[in-house]
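Have a look at the structure below before the remarks.
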Amino acid sequence: MQKLINQLFVFAIFCLAVNLAHAQDEPSMLDALGEEQTIEYTTNAFKSPRVINSHSMEMLHPGTMDFRILHRFGDVSAGYYQFFGLDQASMRMAFDFGLTKNLMVGVGRSTSKKELDTFAKYRLLWQSTGKRNMPISLIFVAGATMNGLKDPVGNAEVPANFSRRMAYYYEAIIGRKFSERFTMQLSPTLVHRNIVQNKLVPNDLYALGIGGRFKVTQRLAIVWDYGYVINRFPANLSHNPLSLGVDIETGGHVFQLHFSNAVGMNERAYLSDDNSNWRKGEIRFGFNLSRIFQIKKNN
Amino acid sequence: MNFFKSQKNVWWAVTAFSVVIFAAACKKEYIQNVNDICFEQEVLPIFQSSCTQSGCHNSSSRQSGYDFSNYDGIMRAVKPGDYKVSEVYHIITTPFGIMPPSPYNRLSDEQITTIALWIDQGAADSPCQTVACDTAHVTLSGSVIPILDNYCNGCHGGGSPSAGINLTNYTGVKTSAANGSLLGSVKWSSGYSAMPKGSNKLSACNIAKIEKWIALGAKND
Numbered sequence: 003m004q005k006l007i008n009q010l011f012v013f014a015i016f017c018l019a020v021n022l023a024h025a026q027d028e029p030s031m032l033d034a035l036g037e038e039q040t041i042e043y044t045t046n047a048f049k050s051p052r053v054i055n056s057h058s059m060e061m062l063h064p065g066t067m068d069f070r071i072l073h074r075f076g077d078v079s080a081g082y083y084q085f086f087g088l089d090q091a092s093m094r095m096a097f098d099f100g101l102t103k104n105l106m107v108g109v110g111r112s113t114s115k116k117e118l119d120t121f122a123k124y125r126l127l128w129q130s131t132g133k134r135n136m137p138i139s140l141i142f143v144a145g146a147t148m149n150g151l152k153d154p155v156g157n158a159e160v161p162a163n164f165s166r167r168m169a170y171y172y173e174a175i176i177g178r179k180f181s182e183r184f185t186m187q188l189s190p191t192l193v194h195r196n197i198v199q200n201k202l203v204p205n206d207l208y209a210l211g212i213g214g215r216f217k218v219t220q221r222l223a224i225v226w227d228y229g230y231v232i233n234r235f236p237a238n239l240s241h242n243p244l245s246l247g248v249d250i251e252t253g254g255h256v257f258q259l260h261f262s263n264a265v266g267m268n269e270r271a272y273l274s275d276d277n278s279n280w281r282k283g284e285i286r287f288g289f290n291l292s293r294i295f296q297i298k299k300n301n
Numbered sequence: 014m015n016f017f018k019s020q021k022n023v024w025w026a027v028t029a030f031s032v033v034i035f036a037a038a039c040k041k042e043y044i045q046n047v048n049d050i051c052f053e054q055e056v057l058p059i060f061q062s063s064c065t066q067s068g069c070h071n072s073s074s075r076q077s078g079y080d081f082s083n084y085d086g087i088m089r090a091v092k093p094g095d096y097k098v099s100e101v102y103h104i105i106t107t108p109f110g111i112m113p114p115s116p117y118n119r120l121s122d123e124q125i126t127t128i129a130l131w132i133d134q135g136a137a138d139s140p141c142q143t144v145a146c147d148t149a150h151v152t153l154s155g156s157v158i159p160i161l162d163n164y165c166n167g168c169h170g171g172g173s174p175s176a177g178i179n180l181t182n183y184t185g186v187k188t189s190a191a192n193g194s195l196l197g198s199v200k201w202s203s204g205y206s207a208m209p210k211g212s213n214k215l216s217a218c219n220i221a222k223i224e225k226w227i228a229l230g231a232k233n234d
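Protein chains in written order, with this note's numbering: chain A, 3 to 301; chain B, 14 to 234.
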């Protein structure tokens, strides 16, 4: 029953979005008066297709590839002996591709749990002004992760198989670039894990992400990214991932430097794994490095 | 890569790949506990260690009217079969006014899971299966720390450990093991303060494990 409701919910959002998109295509009264207008699409709401951990309302341009290297270090509170956490690094390497104007796909591999992940991200609505006035961008992401450990379950009586390695996530991103400097987005997310540790841990985790950016200069922006997980077991607010950082743009690179309590770097990992506790000072330094390559000529 | 020149083909490729990947998306499994949670050995020690300090929820202080030193007292805050509405679960996980209060630590996720699973299984005053006592392979992390976590560290941990004795890390345990107070206290030997205070003596098996670990040199293993 729960699953049916989930599917209906996702389907309803999809239908609503498609309807909205069509409704917006109809010519307005202004056009009938013969005024020549063009659609001004909003760009550069974020510097990169990721806020910090979560997907942002930005898309890659068609024909480009984004090579991303993400690092998360150990707890800063570990002190000088561990060089404030920098002695322990966990990383994720990812290749994201812009296929069409509104579709991108990507694959990634994390050291944590030797996890492979893949996603497809589709833009249903694109914030715009002018001939077509659309206040928000609406983006849908579906992804899958695969635990690559030799023993993913950690229980001798439960043999590993393909489905027990898999987890999935579905995410809608509702974002708006309010001004040249300020962008906010909400992202309701569903993480489904095929197998969980015990009866009381929910297979389906619901979360609400809140991400944003404040641009300070042309090349520098402050970004934040929080995920409120509604039905985590055992409930623990301080395990919700909260990241604060700066984006620095240098030519074709974007450096995202940040502090976070999140350990994982894909949706399943940073929403469902045990993160550390901000209130105890268990934060960690991390950076995302993004380099965009043009791999196909635009016609 | 002519195939990907057409936008239609790109869509087909993405869809086909998704079908393969998402084919296994509808499984809902959890790792089943073979044995029921045992109240006497697994649940009661958590309450006695973390809730029944002097001035808290023991039989003489009965802070807020709750006595968590025995089954009947605990059941006043438990709705069998439904951990979500049980007051006990609420108070050990709530972000505001959490128990145990500062400076004591939040119960570990494992302890909270044990309590919730026990409630979910009906919160019975269950007789426990007698497990053969395994003192052949005794280590600090595998044998001794779990005992200390469940029976001692409600008081001897957190921000202000009782009597300055902190049993949550190797240094603290080693100190108590070296001066004989650890073994003396749990064996209720004369000249030592009998521990755990205000509750039953540790089982013979648990005492044997601690004794063996000390005899092997109290190593950090």
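All residues carry an ideal CB built from backbone N, CA and C; glycine is no exception.
Do residue j and residue i have their beta-carbon atoms positioned less than 9 Å apart in this structure?
i                     : j                     : result
residue 58 (chain A)  : residue 177 (chain A) : yes
residue 291 (chain A) : residue 94 (chain A)  : no
residue 262 (chain A) : residue 55 (chain A)  : yes
residue 100 (chain A) : residue 44 (chain A)  : no
residue 287 (chain A) : residue 74 (chain A)  : yes
residue 90 (chain B)  : residue 104 (chain B) : yes
residue 121 (chain A) : residue 108 (chain A) : yes
residue 170 (chain B) : residue 118 (chain B) : yes
residue 68 (chain A)  : residue 295 (chain A) : yes
residue 44 (chain B)  : residue 193 (chain A) : no
residue 126 (chain B) : residue 202 (chain A) : yes
Does DSSP classify residue i as helix, strand or coil?
i                     : result
residue 25 (chain A)  : Caution applies to residue 25 (chain A), whose pLDDT of 49 falls short of 50 and renders its modelled position unreliable; the model cannot decide the point.
residue 288 (chain A) : strand
residue 86 (chain A)  : coil
residue 44 (chain B)  : coil
residue 164 (chain A) : helix
residue 158 (chain B) : helix
residue 70 (chain B)  : coil
residue 190 (chain A) : strand
residue 80 (chain A)  : helix
Please name the residue, chosen from the options, that lies closest to residue i on a Cα-to-Cα basis.
i                     : options                    : result
residue 121 (chain B) : A:237, A:290, A:170        : A:237
residue 138 (chain B) : B:64, B:50, B:183          : B:50
residue 81 (chain B)  : B:175, B:53, B:156         : B:53
residue 260 (chain A) : A:296, A:249, A:228, A:147 : A:249
residue 148 (chain A) : A:274, A:125, A:139, A:119 : A:119
residue 196 (chain A) : A:171, A:213, A:211, A:209 : A:171
residue 217 (chain A) : A:194, A:243, A:251        : A:251
residue 224 (chain A) : A:232, A:276, A:245, A:124 : A:245
residue 46 (chain B)  : B:233, B:205, B:210, B:131 : B:131
residue 145 (chain B) : B:218, B:25, B:58, B:103   : B:218
residue 165 (chain B) : B:148, B:186, B:152        : B:186
residue 64 (chain B)  : B:87, B:33, B:32, B:176    : B:87
residue 35 (chain B)  : A:181, A:275, A:168, A:253 : A:168
residue 140 (chain A) : A:186, A:88, A:154         : A:186
residue 19 (chain B)  : A:130, A:142, A:200, A:102 : A:102
Does residue i pass the burial test, meaning 16 or more other C-beta atoms within 10 Å, or should it be called exposed?
i                     : result
residue 61 (chain B)  : buried
residue 39 (chain A)  : exposed
residue 163 (chain B) : buried
residue 150 (chain B) : exposed
residue 94 (chain B)  : exposed
residue 229 (chain B) : exposed
residue 226 (chain B) : buried
residue 222 (chain A) : exposed
residue 231 (chain B) : buried
residue 85 (chain B)  : exposed
residue 183 (chain A) : exposed
residue 159 (chain B) : exposed
residue 182 (chain B) : exposed
residue 266 (chain A) : buried
residue 107 (chain B) : exposed
residue 282 (chain A) : exposed
residue 25 (chain A)  : Summary for residue 25 (chain A): the model assigns pLDDT 49, below 50, so the residue's position carries little reliability; its value from the coordinates is reported in the next sentence. Under this definition residue 25 (chain A) is an exposed residue.
residue 99 (chain B)  : buried
residue 79 (chain B)  : buried
residue 114 (chain B) : exposed
residue 116 (chain B) : exposed
residue 102 (chain B) : buried
residue 198 (chain B) : buried
residue 91 (chain A)  : exposed
I believe residue i touches residue j by the beta-carbon criterion, under 8 Å. Please report the beta-carbon distance rounded to the nearest angstrom.
i                     : j                     : result
residue 201 (chain B) : residue 214 (chain B) : 6 Å
residue 67 (chain B)  : residue 74 (chain B)  : 7 Å
residue 211 (chain A) : residue 189 (chain A) : 4 Å
residue 150 (chain A) : residue 268 (chain A) : So it is not a contact: roughly 12 Å between Cβ atoms.
residue 255 (chain A) : residue 293 (chain A) : 5 Å
Does the ligand ADP have a heavy atom nearer than 8 Å to the CB of residue i?
i                     : result
residue 179 (chain B) : As presented, the structure is devoid of all ligands, the ligand ADP included, so that no description of it is given.
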